[in-house]
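The structure appears right after this line, and notes come after that.
Numbering (the UniProt record's numbering), first residue to last: 1 to 665.
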C-alpha cells in the first residue's frame with residue numbers, strides 16, 4: 001500500500017502542495033494486487049495515487065524477448081463528474097537514499113482530468129530492478145514517492161434549455177413550472193438547473209432564472225436573468241465560496257468576474273444578477289454556462305463569552321469532519337487572546353498525525369452589516385497526535401481588553417460575547433507520528449543541497465575575481481595603446497606645441513564626468529618614470545567601461561535585428577537607418593556650441609579636435625548606431641572578455657538554480 005507520510009505547503013502563488021508517500025513492498029511483490037493510496041485533498045478536489053505493474057519487452061525477435069517488470073504510477077481524480085474538468089501541474093519524484101541528484105521523476109504542466117479520463121501518469125515509470133540496484137528501495141522493499149501539485153483549476157460547463165412550448169411565452173409572467181418541493185396548489189418562478197458536481201467536499205449545481213427570481217429580487221430586476229450557485233450537501237455549516245460565471249458563447253460572453261458568496265445553512269447564496277435578458281445570451285433557446293470554482297471553505301461561527309463574573313466558559317464548535325473543538329477568551333493580557341483546544345484529540349488513530357489548518361476572524365457589527373477582522377498570524381496550523389488532552393493554541397488578537405470593557409465596543413454583543421469565525425482550510429491524516437528513518441532521506445538531501453549551493457557560491461566568487469582581474473588587465477593595455485597613439489599624433493603635427501591648461505574638469509567616481517557622459521577625461525597625460533600608466537589611473541577604468549558598453553551594444557543590436565527580420569522586406573533603407581540609429585547613440589554637442597568653441601581655440605587645437613571627432617565616428621560605439629560597422633574585426637581581448645563574462649553569467653545562473661532547488665519543503 002501507499003501511506004501518506006508527510007505534507008508540506010509552499011508559500012508561493014501557485015498554491016503548491018507536496019505529499020510524501022511511503023510505498024510498501026506489496027507494490028513490487030504482489031503484481032496482481034491493485035495498490036492505491038487513501039484519498040487526499042488538494043485544490044478542493046479529492047485525489048489518490050495508484051500504481052500498476054506491467055511487462056516491458058525488449059527486442060523484436062521472439063526468441064530474444066526478455067520480459068522486464070516495470071512500475072507505473074498515476075494521479076487519479078476522485079471527484080469526476082460529467083461536464084467537470086480539472087487542470088493541474090503535478091510532479092512525481094522517486095527519492096534516492098544516497099543523493100538527491102539521482103532522484104527519478106516526471107512532471108506534467110496543465111494536465112487535463114475529465115470524466116472520461118480521470119487518471120493521468122506514466123505507465124513505465126521505472127523498472128523494478130532499478131528500485132534496488134539504484135538504491136531507491138531499502139532492504140525491506142519500501143521506497144518513498146513524492147507528489148507535488150500546483151495551479152489546480154476546476155471548470156464546470158453545462159447547457160440549459162427551455163422547451164419550445166415555454167420559450168414562446170418566456171417573456172410573460174404566467175409561466176410556471178411544477179416542482180416536488182412545492183405543494184400542488186403552489187406555483188414558483190421558472191428556473192433551470194444543471195447537473196451537480198463536487199467541489200470542496202460538497203455537491204453543487206447552478207440554478208438559472210430566465211426572467212429573474214421574484215421571491216428574492218426587487219421589482220426593478222424583474223424580467224432579467226439571474227444565476228445562483230446552490231449547495232446540495234453539508235448543511236451543518238456555512239460555507240464561503242468564490243467563483244466566476246460566464247454566460248453565452250462566442251467572442252463576447254457575459255462574465256461575472258470573481259464573486260465571493262456566503263452559502264448559508266440551507267445552501268443558498270446571494271447569487272448573481274447580470275443586467276441582461278434571456279434572449280440576449282441564449283441561442284435557439286439554449287444557454288451555455290461556464291463556471292470556474294476558486295475556493296469553498298467551511299465556516300464555524302461561535303459566540304465566545306468575554307464579560308462575566310468568575311472564569312469565562314468555553315464555547316464548543318465543530319469542524320467539517322465533525323471533530324469537536326472548544327474556544328475560550330483570555331483577558332489576562334493587554335489584548336484579548338483566544339484559546340483554542342482540540343477536544344477529540346484522543347480519537348486520532350495510533351501512530352498517525354492529523355494536520356489541521358484554519359483561519360480565525362473577529363466579527364464586528366450586526367447582521368447584515370457585519371465586517372470581519374483577520375487575526376494576526378493567520379492562517380494557523382498544527383500537527384496533532386493521539387493524546388489524553390490537548391493543551392491548546394493561543395491566538396493573539398488586536399482587540400484591547402479595555403476596548404472590550406467599553407459599552408460601545410462594536411465587537412461585543414449585548415450578552416457580553418465576542419463573535420468569532422473559524423474558517424477550516426485543510427486537514428490531512430498522516431502516517432507515522434514520530435521521527436522515523438524515512439525522515440533521514442529528506443534531511444540528507446537538504447544537507448547535500450546546502451553543500452552544492454555553498455560550492456557553487458564559492459566557484460562563482462572565484463570566477464568574479466578572475467573576471468575583474470582580466471578586465472583590469474585589458475583596460476590597462478588599451479590605455480597604454482591609446483597613450484602611444486596620442487603621442488604619435490602629437491609628434492607628427494607640424495604645429496605641435498603645448499596647449500594652454502584649461503580649467504580642470506570634475507571627475508566623478510570610476511572616472512566618469514560629473515555630467516554622467518561616457519567620455520574620456522581631457523586632463524593632460526602624465527607619463528610615469530617606467531613608461532607606462534599607473535593602474536589607478538581613471539582612464540584605465542574608462543577604457544574598461546567603453547569596452548564593456550561596446551560589447552553590450554553589439555549584443556543589443558543583434559537582438560533588435562533578429563526581432564525585425566520578419567518585417568525587413570516592408571522597411572525601406574532610410575527607415576532602417578533611422579530605426580537602427582535609435583538603439584544607442586552618444587549625445588554630441590550642438591553646432592552652435594561647436595562653432596562658439598572653435599572661435600576661442602588655436603588652429604592646432606582645432607585640428608586635433610577634428611581628428612579626435614573623426615576617430616569617434618570611426619569606431620562602433622560613437623557611430624550613429626553601436627556596432628553598425630561590421631567590417632571592423634573584433635580584437636582578441638574583446639573576444640576573451642566576452643567569453644569570460646559569459647562564463648560568469650553561466651555560473652551565476654547555476655547558483656540561482658541550485659538555490660531554488662534547495663528551498664525548504
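Even glycine gets a Cβ: it sits at the ideal position worked out from N, Cα and C.
Name the DSSP bridge partner or partners of residue i?
i           : result
residue 239 : 263, 298
residue 395 : 338
residue 108 : 90
residue 192 : 208
residue 154 : 86, 293
residue 327 : 315, 340
residue 55  : 69
residue 372 : 363
residue 161 : 286
residue 203 : 198
residue 42  : 45
At the level of alpha carbons, what is the spacing between residue i and residue j?
i           : j           : result
residue 19  : residue 92  : 10 Å
residue 181 : residue 227 : Because the pLDDT of residue 181 is 36, which lies under 50, any placement of that residue in the model is unreliable, and the question is left without a value.
residue 265 : residue 286 : 32 Å
residue 383 : residue 160 : 46 Å
residue 328 : residue 398 : 16 Å
residue 28  : residue 463 : 48 Å
residue 437 : residue 26  : 19 Å
residue 325 : residue 421 : 13 Å
residue 418 : residue 362 : 8 Å
residue 450 : residue 144 : 21 Å
residue 407 : residue 332 : 19 Å
residue 440 : residue 4   : 17 Å
residue 51  : residue 385 : 29 Å
residue 1   : residue 24  : 6 Å
residue 367 : residue 360 : 19 Å
residue 54  : residue 281 : 51 Å
residue 355 : residue 278 : 47 Å
residue 131 : residue 379 : 39 Å
residue 487 : residue 465 : 33 Å
residue 200 : residue 296 : 6 Å
residue 253 : residue 246 : 6 Å
residue 261 : residue 8   : 29 Å
residue 22  : residue 123 : 19 Å
residue 314 : residue 305 : 8 Å
residue 133 : residue 197 : 45 Å
residue 416 : residue 337 : 16 Å
residue 16  : residue 375 : 24 Å
residue 483 : residue 469 : 21 Å
residue 479 : residue 472 : 11 Å
residue 193 : residue 427 : 32 Å
Which same chain residues end up closer than 7 Å to residue i when comparing Cβ atoms and leaving out the 5 residues on each side of it in sequence?
i           : result
residue 231 : 202, 204, 239, 263, 267
residue 352 : 429, 430, 431, 433
residue 652 : 460
residue 288 : 159, 248, 249
residue 365 : 371, 410
residue 235 : 265, 266, 267
Near residue i, what residues of its chain come up, given a Cβ to Cβ distance below 6 Å and the 5 sequence neighbours on each side ignored?
i           : result
residue 107 : 91
residue 126 : 71, 104
residue 409 : 403
residue 424 : 298, 319, 320, 358
residue 400 : 335
residue 317 : 300, 302, 325
residue 114 : 85
residue 98  : 135
residue 241 : 261, 263, 296
residue 191 : 207, 209
What does a CB cutoff of less than 8 Å around residue i pick up in its chain, not counting 5 residues either side in sequence?
i           : result
residue 12  : 150
residue 39  : 46, 47, 48, 78
residue 244 : 255, 256, 257, 258, 259, 291, 292, 294
residue 153 : 43, 86, 87, 88, 292
residue 195 : 81, 82, 83, 158, 205
residue 223 : 171, 211, 212, 277
Just checking residue i against the ligand NAP - is the residue's beta carbon closer than 8 Å to any of the ligand's heavy atoms?
i           : result
residue 232 : Here there are no bound small molecules, and the ligand NAP is not part of this structure.
* To do: Spell out a yes or no on whether the stretch 269 to 277 and the stretch 128 to 144 are touching, meaning 3 or more CB-CB pairs, one atom from each, closer than 8 Å.
  => no
* Ignoring anything shorter than 3 residues or poking outside the stretch 417 to 469, list the beta strand (DSSP E) runs there in chain order. => 417 to 431
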